[in-house]
Every structure is written in C-alpha cells, then in structure tokens.
Amino acid sequence: MKKLKKLFAIGVAVIASASWNVAANSFEAGKDYEIVGPQIQTEPVVEEFFNYACGACYGAEQFATNLKKNNPGLKFRAVPVELRPAWKIYVKAYFIGEKLGVLEKSHGKIFHRLHVEKKFFKGEDDMKEFFLSLGVESDAYDKVAKSYWLKTQMRLAKQYSFKNKVASTPVFLVNKRYKLNSAGLGSYQRMEEAVKELSGLNKSQAPAQ
C-alpha cells in the first residue's frame, strides 16, 4: 500500500510538472511574437516604440505605466519613432525632455495636450514655449534643440526601429529579440504575461525557439 501511495504521489508530481511546463511556454513564435534579434544574455528589458501623435500609443500609455510599476525587476525604455513626417517634431520633443531632465513631466503632458486638449505643436516655436512652461530656461532649450546630440539620438532611434522592422506603433520589443504581436495576444493582460515570460522575469525558462 505504501508503495502504491508513493508511486501515485510521483505520478501526480510528474503530471503537475508537465502542466507547469506547458503553462510556462504558452506563447508561440510566429503567432504571439516575432523573433527579430539574436539570442543574447541580457537583463530583463522591454522597449516600446511609440510616438506622441499616435492615438494607439496614448491608449497603451496606462499599460506601459502599469508594466513598469508592477515589475520592478524589468528595465523599461521608450523609443520614439518617426513613421511619417508630421511625427518628427514629437521625436524631438521626447529627446529634448530627456536631455533637459524634465521627461517625467513632459511625457504625460505631451500625450494629454495632443489627445485630450487636441493641441498639436504648430512648429518649433510652439514646442519651445511648451518646454518653457515646464520651467526650462530658454538658453538651455536652444542649446539642446540645436545640438549634434539631438540629431544623433534621432538618427539612432530611426535606425533601431528600422532594424527591428517597426512599421506601426506601439510596438513592444522584449530583450531586444522578441517583438510582440499585440493583435494576436489580444489583451494587455496577455501582453504583460508574454513580457514576463519572454524576458525571463518568470521562473520559467525562455520559450522554445
């Protein structure tokens, strides 16, 4: 009887382990994500390709905020992209805010200005006035807006988005390798689960290739 109980317990453990592995690798390449980079050792990181003028990016902003808040072990990076000429000024706005140290204020305010107040930047002067309203000094703004640093950041962001085949926004890239298929995943909850699994935040291993 003891042997039977022991064998039964082992069988249950094996089944449970198999079920765990199935659940752990519940996302499929070609369906839930696309592989766009080589397998490299990296800390858990997710990058969001976005633009302030993109309505879907505004809709995803709360998801991005919650993702950072709920997963402190996950590094988050935003990558502004220019998919059309009118978006270029907003790529500038992101990097200017970052360089001037006001990104925490400017990021949400630009989204609110565009999608709630319906006030798009009319041009460079209008954008400058916006940053001055956040307490930025005029000379400091001009120095960054005309800098080689800004041109370089914009060029690198464009190259990086091209490298990762970003043709629409928002796009979430995990560990510089897995580009999520948000339409296929179907919900922000599934997207967060995919981020956690693919990045290695979960105890489970990375999915089968």
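Numbering (mature numbering (1 follows the signal peptide of the UniProt record, and there is no 0)), first residue to last: -24 to -1, 1 to 185.
Even for Gly, the Cβ is constructed at its ideal location relative to N, Cα and C.
Quick check on this structure: which residue in Pro61, Lys45, Phe107 has the alpha carbon closest to the alpha carbon of Glu74?
Within the sequence shown, residue 74 is the residue found at index 98, counting from 1. Nearest C-alpha to Glu74: Phe107.
For Val171, tell me which candidate among Glu24, Ala32, Ser137, Pro14 has the shortest Cα-Cα distance.
The residue you call residue 171 lines up with position 195 of the sequence shown. Closest by alpha carbon: Glu24.
Beta-carbon gap between Tyr117 and Lys104 smaller than 9 Å:
In the sequence shown, residue 117 corresponds to position 141, counting from 1. In the sequence shown, residue 104 corresponds to position 128, counting from 1. One thing to note: Tyr117 has its Cβ within 9 Å of the Cβ of Lys104.
Once DSSP output is grouped into helix, strand and coil, what is the label at Pro56?
Counted from its first residue, the sequence shown places residue 56 at position 80. Pro56: strand per DSSP, three-state reduction.
Using DSSP with H/G/I as helix, E/B as strand and the rest coil, what is Gly176?
Along the sequence shown, one-based indexing puts residue 176 at 200. Look at Gly176 here: in three-state DSSP terms it is coil, with no helix or strand label.
Name the DSSP bridge partner or partners of Phe25?
Locating residue 25 in the sequence shown gives position 49, counting from the first residue. Phe25 is bridged to Val55, Val147.
Does the pairing of the stretch 162 to 176 with the stretch 38 to 46 give three or more beta-carbon distances under 8 Å?
Counting Cβ pairs under 8 Å, three or more are found: they touch.
How is Lys155 classed by DSSP in three states: helix, strand or coil?
Here residue 155 corresponds to residue number 179 of the sequence shown, with the count starting at 1. In the three-state scheme derived from DSSP, where H, G and I count as helix and E and B as strand, Lys155 is classed as strand.
Straight-line Cα distance separating Leu161 from Lys122:
Looking up residue 122 in the sequence shown gives position 146. Looking up residue 161 in the sequence shown gives position 185. If you take the alpha carbons of Lys122 and Leu161, they lie about 41 Å apart.
Is the number of C-beta pairs between the stretch 12 to 32 and the stretch 143 to 150 that are closer than 8 Å three or more?
Yes: at least three Cβ pairs fall under 8 Å.
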